[in-house]
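2 protein chains.
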Amino acid sequence: MLSNVLIIGVGLIGGSLGLALKESPLVKKVSGVDNDPESLKKALEIGAIDDSALLEDGVKEADVVFLCTSPGAYASIIERIKPHLKPNAIISDVGSTKLEVMELLGNLPAGVSAIGGHPMAGSETQGINGADRYLFENAVYVLSPDASATNEKLNYLKNLLEATGARIKIMEAKPHDELVATISHIPHLLAAALVNLTGGESNSLMMAAGGFRDTTRIASSNPELWLDILFSNRSCLPEKLDNIMEIINNMKKALENNDRELMRQELSSAKAIRDRIPHIRKGLIPGFSDIVCIVPDRPGIIGKLGLIMDKENINIVDIEILRVREGDGGTIRLGVPTLEDAHRAVAALQQEAIKGWVR
Amino acid sequence: MLSNVLIIGVGLIGGSLGLALKESPLVKKVSGVDNDPESLKKALEIGAIDDSALLEDGVKEADVVFLCTSPGAYASIIERIKPHLKPNAIISDVGSTKLEVMELLGNLPAGVSAIGGHPMAGSETQGINGADRYLFENAVYVLSPDASATNEKLNYLKNLLEATGARIKIMEAKPHDELVATISHIPHLLAAALVNLTGGESNSLMMAAGGFRDTTRIASSNPELWLDILFSNRSCLPEKLDNIMEIINNMKKALENNDRELMRQELSSAKAIRDRIPHIRKGLIPGFSDIVCIVPDRPGIIGKLGLIMDKENINIVDIEILRVREGDGGTIRLGVPTLEDAHRAVAALQQEAIKGWVR
Chain D
20 MLSNVLIIGV GLIGGSLGLA LKESPLVKKV SGVDNDPESL KKALEIGAID DSALLEDGVK
80 EADVVFLCTS PGAYASIIER IKPHLKPNAI ISDVGSTKLE VMELLGNLPA GVSAIGGHPM
140 AGSETQGING ADRYLFENAV YVLSPDASAT NEKLNYLKNL LEATGARIKI MEAKPHDELV
200 ATISHIPHLL AAALVNLTGG ESNSLMMAAG GFRDTTRIAS SNPELWLDIL FSNRSCLPEK
260 LDNIMEIINN MKKALENNDR ELMRQELSSA KAIRDRIPHI RKGLIPGFSD IVCIVPDRPG
320 IIGKLGLIMD KENINIVDIE ILRVREGDGG TIRLGVPTLE DAHRAVAALQ QEAIKGWVR
Chain Y
20 MLSNVLIIGV GLIGGSLGLA LKESPLVKKV SGVDNDPESL KKALEIGAID DSALLEDGVK
80 EADVVFLCTS PGAYASIIER IKPHLKPNAI ISDVGSTKLE VMELLGNLPA GVSAIGGHPM
140 AGSETQGING ADRYLFENAV YVLSPDASAT NEKLNYLKNL LEATGARIKI MEAKPHDELV
200 ATISHIPHLL AAALVNLTGG ESNSLMMAAG GFRDTTRIAS SNPELWLDIL FSNRSCLPEK
260 LDNIMEIINN MKKALENNDR ELMRQELSSA KAIRDRIPHI RKGLIPGFSD IVCIVPDRPG
320 IIGKLGLIMD KENINIVDIE ILRVREGDGG TIRLGVPTLE DAHRAVAALQ QEAIKGWVR
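Residue numbers (the numbering used here), protein chains in the order written: chain D, 20 to 378; chain Y, 20 to 378.
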């Protein structure tokens, strides 16, 4: 079945979705709706949409509708489009939480199915100018079907979204929201809390080591965007915050009572769990091997690593400055496609007097 | 004045210090002491020390003594060496906190000065095999002199440590320990707490996005090492933990009371402070300009960036995969030496159809 797709809100996410879906063999046409005529013009220009439409007209024609505006606009848009949805249409969204939107999509006309969506991808940029055909590639993309969504429809949407290169996961709204609370919203709040704990004192910030900078990087995100996300997960977050304060309070007691065993349990458990992430994620993204190498903190060293690997025909699929030294440079992790590549890479580095090993 | 330097404990830090100090014009000889004969042998082999000594004999000859064992061994070593220290000797250490060790170094013979030290550098590896002449390069290296240390002695130690390439900062023990609590120990505890909050549930770990992985990376560190560090800062940590729980509790109240303004204050304050770190650190490490570019998530792309920059004679001094997409690749930040380089880099990328901009 060839579909007419309607994207409501052609910003960063909507535009990127359009660019990818235009390449799907299941898509007849991608239409776009936006309050901002400039965004629509740009979306047409870069080929993110085939044509622009007025909201009601677009919906009348659409087999699949994607809500890609800010979540604050969902409620009024849904009310406006409800009467015009095609019987059999699929309506989806791209918001960061799923319980609220699935409630808004509760009373759809018979035959219409709501399948909430959360592509776990973003970008530094905002708006259609940041649109990127590869934005969702390898990203986890969660779909949360409501009770009325048939398997057939769910599979159809899955197949449609394959053009994005994302890894689709099916998950109900409630467990999804609890999961993103734990792995995204609470880390965000704690990063902000950690930064605020410094009081902005210059000495602290100057000495902020790699650990602090890694831990707090996300505190630089757009506050308005995050306010929307956090408040849309108000039903899950307070309990999770209680849970983390309990863990922190345990750590405080361990220190006050000089109870090394209690603290050892917390740290060892955390290490055991954290060490599993790279292995588990290898099931999700193409597997690769890691090497670690120690380089002098000199300009040009990263380009040099690139050249050495290039000469050996080894692809660098990941690179990370481990920042265990406070300057930039120092110990660098390189991801290469296979274990064999890793061993060849270490040998090639050795020939250039760079110490490295397979991790 | 040419010094005899004694390094007690020739592991990762002691060995790296030896390698660097051997190149100082102020050093006559570097001697090493270690319980483990294999470590001493290796240290001699790689040239981290000129000779090995027994503890008391080494101390009798030494003008500058560095305690580089685990902090747990400090007390007994200090008792043993006290009677043998040369009048006028300087004794220093490399531990992560300063109050405890400065107390242990309280009753030194007249003329001997204690100047605690904290090189804020580390490595993935442990022991003398990880020793690295560049380990301290560009790292902040705090010196905490006691009341008896003259300016002359402090300056002498500063000059001696210049060979390491570290950035020396003078700071008293108490403010130092409070500072590392805020920028290192609390972030560490919170990273562990965040990981433990997941309960190790596989689904959570698989979907753990870049933000979570950045925020919790340090939870993979060695628990035994960190137990020592955390418990040596028992006098500062509980109060700081109370402070952070208060901030977290405020955030919880903001959510419960639907008080967006309160949450906005927390997030905006955090962003404003966090955004200052790169600027402040530019005063510490050689300044550079950042560009951000968007690349398809394809193998070889990092090597390709290296080649493009190399062709233009632009040094990559820093690289970071921003991981805003969940797969690896996506948006990449490159640090280059000057703003002019940054503009040339963007132009060069554009010619290869890679979108980039100066940040």
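We put the beta carbon where it would ideally sit given N, CA and C, even for glycine.
Listed by position along chain Y, the residues whose Cβ is nearer than 7 Å to that of D/E285 are A211, N215. Counting only runs that start and end inside the region 65-107 of chain Y, the alpha helix (DSSP H) elements of at least 4 residues fall at 74-80, 93-100. About 5 Å separates the beta carbons of D/I110 and D/V84, which is inside the 8 Å limit, making them a contact pair. Pairing Y/A210 with D/T201 gives a Cβ-Cβ distance that is not under 8 Å. Taking a contact as a CB-CB distance under 8 Å, the pair D/S22 and D/V46 counts as one, their CB atoms being some 6 Å apart. For Y/K290, the neighbours in chain D by C-beta distance under 9 Å run, in chain order, A211, V214, A238, S239, S240, N241, P242.
Contact annotation: D/L179 and D/S43 have beta-carbon atoms nearer than 8 Å. Shown here for D/L127: same chain residues with a beta carbon closer than 8 Å to its own, the five before and five after excluded, namely K101, L104, I110, A133, S167 in chain order. Between the region 265-281 of chain D and the region 217-227 of chain Y there are fewer than three C-beta pairs closer than 8 Å, too few to call the two in contact. Residue environment analysis places D/A92 among the exposed positions, since fewer than 16 neighbouring C-beta atoms fall within 10 angstroms of its C-beta.
With a threshold of 8 Å between beta carbons, Y/G135 makes no contact with chain D.
Under the Cβ criterion (8 Å, minimum of three pairs), the region 212-220 of chain D does not count as touching the region 241-248 of chain Y. For the pair D/S115 and D/V199, the CB atoms are nearer than the 8 Å cut-off. In the DSSP assignment, Y/Y153 falls outside any alpha helix (DSSP H) and carries neither an H nor an E. Around the beta carbon of Y/I97, a 10 Å sphere encloses 16 or more other beta carbons of the protein chains shown; the residue is thus reported as buried. Shown in chain order are the members of the region 257-282 of chain D whose Cβ falls below 8 Å from a Cβ of chain Y: P257, K259, L260, D261, N262, I263, M264, I266, I267, N268, M270, K271, L274, E275, N277, R279, M282. In this structure, DSSP gives Y/S167 a state outside helix and strand, which the three-state scheme calls coil. When 7 Å is used as the limit between beta carbons, D/I313 is near these residues of chain Y: D151, in chain order. Within the region 201-287 of chain Y, complete beta strand (DSSP E) segments of at least 3 residues are not found at all.
Annotation: the continuous alpha helix (DSSP H) that includes Y/L118 extends over 118-123. With respect to chain Y, the C-beta atom of D/A72 has no partner C-beta closer than 8 Å. The straight-line gap separating the alpha-carbon atoms of D/V159 and D/G135 is approximately 14 Å. In this structure, Y/A238 and Y/I310 do not form a Cβ contact; the two beta carbons are roughly 31 Å apart against a cut-off of 8 Å.
DSSP places D/P194 in the uninterrupted alpha helix (DSSP H) bounded by 192-199. Around the C-beta of Y/E75, fewer than 16 other C-beta atoms lie within 10 Å, and the residue is accordingly described as exposed. Neighbours of D/G34 across chain Y, judged by C-beta separation under 8 Å, do not exist; the nearest C-beta is about 13 Å away.
Separation of D/A81 and D/G230 (C-alpha to C-alpha, rounded to the nearest whole angstrom) is 49 Å.
Ranked by Cα distance from D/Q370, the options D/N252, D/M328, D/H137 are led by D/M328. With respect to the C-alpha of D/G37, the residue from D/D55, D/D53, D/G66 having the closest C-alpha is D/G66. Residue Y/I32 holds the alpha-carbon nearest to the alpha-carbon of Y/G149 among Y/L286, Y/I32, Y/G130.
Looking only at D/G184, D/P56, D/L176, D/I248, the smallest Cα-Cα distance to D/S203 is reached by D/I248. Residue state for Y/A140 is assigned as coil, using DSSP reduced to three classes.
Y/T357 sits in coil when the DSSP states are folded into three classes, being neither helix nor strand. When rounded, the separation of the alpha-carbon atoms in Y/R253 and D/L260 is 25 Å.
For the options D/R295, D/N170, D/E156, D/H207, the alpha carbon positioned closest to that of D/T183 is the one of D/E156. Taking 8 Å as the CB threshold, Y/V159 lines the interface with chain D.
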